[in-house]
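> First to last, the protein sequences are chains A and B. Here the first sequence stands for residues 6 to 62, where the numbers follow the working numbering. Here the second sequence stands for residues 3 to 482, where the numbers follow the working numbering.
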Amino acid sequence: MGDSTLPAELEKRVAFYEDPANDPGGFTSNDWTLLVATGILLPLVCLVLGWFVGWSS
Amino acid sequence: MSTDHLSAESASEGETSWPLLPKERLWNRRALFIVLMVAASATWCYIIGEYVGYYLPLWPGFLAMTAGAMIGMLLVTLAVVPVSTRFGVDSIKAAVPQFGTSGWTITVTLQYLSIIGWNSLLLIFFGKSASEFLNAIGVGGDNLSNVVVPVAAVLALAFVFVILMRGATGLERVAMWLFFFIVGVGAWMIIMLLVREGTALADAVPGFASDKQLDFQYGIEIGLVSLLSWWPYIGSMTREARSPSIAAGPSMLGMGLPVPVLSFVGLSSILVLGTSDPATWLTDVGGNFFGALALLFVMAANLGTATAGIYASTVGIKAVPALGRIPWNVALLLSVVPVAFVGIFLTDWFFDNFGTFLAYIGVFFAPIVGIQIVDYFLIRQQRISVRGLYNTSPDAPYSYWFGFNPAALLAMAAGVGTYLYLLNPQTYAVREPFSLLGASLPAALVAAVVFAVLTFILVKPAGKGGYAEATSTPTRVTSS
């Protein structure tokens, strides 16, 4: 069904990223801080404000 | 040979599903933020706000919608951004490790249907805005919209087609132009509504309000599923950035936050004006001059988003092996034509069923993000074989069984079943614990758990999925 041979240009690109030196890495600790702040803490604050304050304003 | 077949020439232009090299990935945080923000800021925000306004007053509605939206954006970001930015691939390729080398049949289909739906909506709004704009400047009569809406839709698609003949470069250019227009007029619309309708907004009662907890959960769920719909879009844009670090902020703040902020306009207007469509009230509230100006904003915003959507869809189409060889412009046509058909011939049908479309977004994309997140972060520990994304031979790491991963298929089924049990996408009837948990989060969680269990008892023991291989892992972390 398939083939493990890649076209030359694709092979070049794949080989580039197989070199660990070319892997840009994952999220940094600063990124995780941002993701937690905007994706978890901000929603929690919105939920609390919306539930306890929003209806009375 | 069934590996992706694309010309080196087109690959160098970043218009394929092949990994982009760093020299081709030139978007910094600012450029990515602008492109993502322009992509997110469109008329669909108004109709999203409208649906929240059926159940919630202004501030609870805005806050519930914002909470849901940011949770949804976090899920999409975690699911797609790490792989797309590490290897310069789009959302479809980023899902290969979980769904298999033939998994594109699922993901491309969902992407295609989702983007056709959203862009059809944009085109309809674009046409209506163009019609109202002509009315505002004194051109045309009562029956103008019958002609203008389809003509404007065709012209808009032609514009998008021409822009995207340049690929991602065209997308970036048009985003830069639209950015200040969108921010400025969007802010003006919000201020205008608050200043002129502030008192009425404070007293407005939602049309379908019933139980406080259930209504609040509807608001969260609508915000969440709306942002899950960025799954098909985001990878084709974040792949233009060189690392996850560059994309994390623009993703959350550029693509996530503008949706609830602009949805505020739709939420406010449905509460006090009875319609969320700015095309029908902007000239009444803002006067002919400012109304016409704002209508131009609506048209421009929709064009920017439609451009991003058609681009993402076209990149996804190029990931289909049988379509990999076709020229970029032909793939572009395959993205444009269905949108034109729905936007022109099925206008009323699509409008009447928008709520169902929105709920079905959650039905499918919630399980997908759950599966991707648990696999990438917990099971694979961020190890990915970039070669495996393109190697379709039977013994390739992501070939699984006949190119499909049964763990992903069964997890999808479990997630979809969970969602449908909790929320009926057609009637919005719910079963508990919807009022406590919503539908998307449980669907994502169930899919993730089923995927993890099946992977450990079925896939890994069979030596499938590349879990045992030494593959690329993010050991070198850079900040930029």
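For each residue, glycine too, the CB sits at the ideal point set by N, CA and C.
1) Got a sec? Which residues, its chain only, sit under 7 Å from B/Ala158 by beta carbon, not counting five neighbours each side?
2) Per DSSP, what kind of secondary structure is B/Val141 in: helix, strand or coil?
3) Tell me, which residues are paired with B/Phe484 by DSSP?
4) Report the rounded CA-to-CA distance for B/Gly529 versus B/Asp92, giving the unit in angstroms.
5) Under three-state DSSP, which class holds B/Leu230?
6) Between B/Phe89 and chain A, is there a C-beta pair that is closer than 9 Å?
7) Where does B/Val322 sit, in a helix, a strand or coil, going by DSSP?
8) Let's test the definition: count the other Cβ atoms within 10 Å of the Cβ of B/Leu233 and tell me whether it reaches 16, buried, or not, exposed.
9) Measuring only the C-alpha atoms, how far is B/Pro21 from B/Gly468?
10) Using 8 Å as the cut-off, can you tell me whether the stretch 8-17 of chain A makes contact with the stretch 81-88 of chain B, which would need three or more C-beta pairs spanning the two stretches below that distance?
11) Would you call the CB atoms of A/Gly44 and B/Gly221 closer than 9 Å?
12) Examine chain A for any beta-carbon lying closer than 9 Å to the beta-carbon of B/Val388, and answer yes or no.
13) On the three-state DSSP scale, how would you describe B/Leu264?
14) On the criterion of 16 or more Cβ atoms from any shown chain inside 10 Å, does A/Ala42 qualify as buried, or is it exposed?
15) Kindly say whether B/Cys307, judged by its beta-carbon, lies nearer than 9 Å to any beta-carbon of chain A.
16) Between the C-alpha atoms of B/Val455 and B/Val388, what's the straight-line distance to the nearest angstrom?
17) With C-beta atoms as the reference, is B/Leu298 less than 9 Å away from B/Val287?
18) Taking 9 Å as the threshold (beta carbon to beta carbon), is B/Ile222 in contact with chain A?
19) Can you give me the start and stop residues for the alpha helix (DSSP H) that A/Asp36 sits inside?
20) Quick check on the burial criterion: 16 or more other C-beta atoms within 10 angstroms. Buried or exposed for B/Ser481?
21) Please work out which residues of its chain come closer than 6 Å, Cβ to Cβ, to B/Ala333, disregarding the five sequence neighbours upstream and downstream, and give them in chain order.
22) Can you pull out the residues from the stretch 192-223 of chain B whose beta carbon lies closer than 7 Å to at least one beta carbon of chain A?
23) State the start and end residues of the unbroken alpha helix (DSSP H) segment that holds B/Phe458.
24) Have a look at B/Gln374 and B/Leu34 and give me their C-alpha separation to the nearest angstrom.
25) Which of the three DSSP states, helix, strand or coil, is assigned to B/Ile117?
26) Are B/Gln113 and B/Ala314 close, meaning C-beta to C-beta below 9 Å?
27) Strictly under 9 Å for the Cβ-Cβ distance: is B/Gln428 near chain A by that measure?
28) Hey, could you find the ends of the alpha helix (DSSP H) A/Tyr22 is sitting in?
29) Less than 9 Å between the beta carbons of B/Ser265 and B/Ile50, yes or no?
30) Rounded to whole angstroms, what's the CA-CA distance from A/Val53 to B/Leu76? Just pull it up for me.
31) Just to confirm before moving on: does the CB-CB distance between B/Gly372 and B/Ala342 stay below 9 Å?
32) Please list the terminal residues of the continuous alpha helix (DSSP H) segment that includes B/Gly372.
33) Shorter than 9 Å from the beta carbon of B/Ile73 to some beta carbon of chain A?
34) If you compare alpha carbons, which of B/Trp120, B/Gly119, B/Ala97 and B/Ile117 is closest to B/Thr109?
35) Relative to the C-alpha of B/Ile224, which residue among B/Phe352, B/Gly63 and B/Pro444 is closest?
36) Candidates B/Ala449, B/Thr420 and B/Gln428: which alpha carbon is nearest B/Pro435's?
Let me spell this out:
1) Leu125, Phe128, Leu305 and Ala308
2) coil
3) Residue 484 of chain B lies beyond the range of chain B shown here (3 to 482); nothing can be said about it.
4) Chain B is shown from 3 up to 482; residue 529 of chain B falls before or after that span and cannot be answered.
5) helix
6) By this cut-off, B/Phe89 is an interface position.
7) coil
8) One detail in the question is off: residue 233 of chain B reads as Trp in this sequence, not Leu. Under this definition B/Trp233 is a buried residue.
9) 19 Å
10) no
11) no
12) yes
13) helix
14) exposed
15) First, the amino acid is wrong: residue 307 of chain B is Thr here, not Cys. Not one chain A Cβ lies under 9 Å of B/Thr307.
16) Straight-line measurement puts the Cα of B/Val388 at about 25 Å from the Cα of B/Val455.
17) no
18) Yes, B/Ile222 counts as interfacial toward chain A.
19) Where A/Asp36 is concerned, the enclosing alpha helix (DSSP H) starts and stops at Ser34 to Val41.
20) With a pLDDT of 38 at B/Ser481, under the threshold of 50, the modelled position of this residue cannot be trusted; read the value that follows with caution. So B/Ser481 counts as exposed.
21) Thr316, Ile319 and Lys320
22) Under the 7 Å Cβ criterion, the stretch 192-223 of chain B contributes Phe218.
23) Premise fails: B/Phe458 is in no alpha helix (DSSP H) and is neither H nor E.
24) 23 Å
25) helix
26) Using a Cβ distance threshold of 9 Å, B/Gln113 and B/Ala314 count as a contacting pair.
27) no
28) Ala13 to Glu23
29) yes
30) 19 Å
31) At least 9 Å separates the beta-carbon of B/Gly372 from that of B/Ala342.
32) Phe356 to Ile375
33) Yes, because at least one Cβ of chain A sits closer than 9 Å to the Cβ of B/Ile73.
34) Here the closest residue by C-alpha is B/Ala97.
35) Between B/Ile224 and the set B/Phe352, B/Gly63 and B/Pro444, the nearest pair of CA atoms involves B/Gly63.
36) B/Thr420
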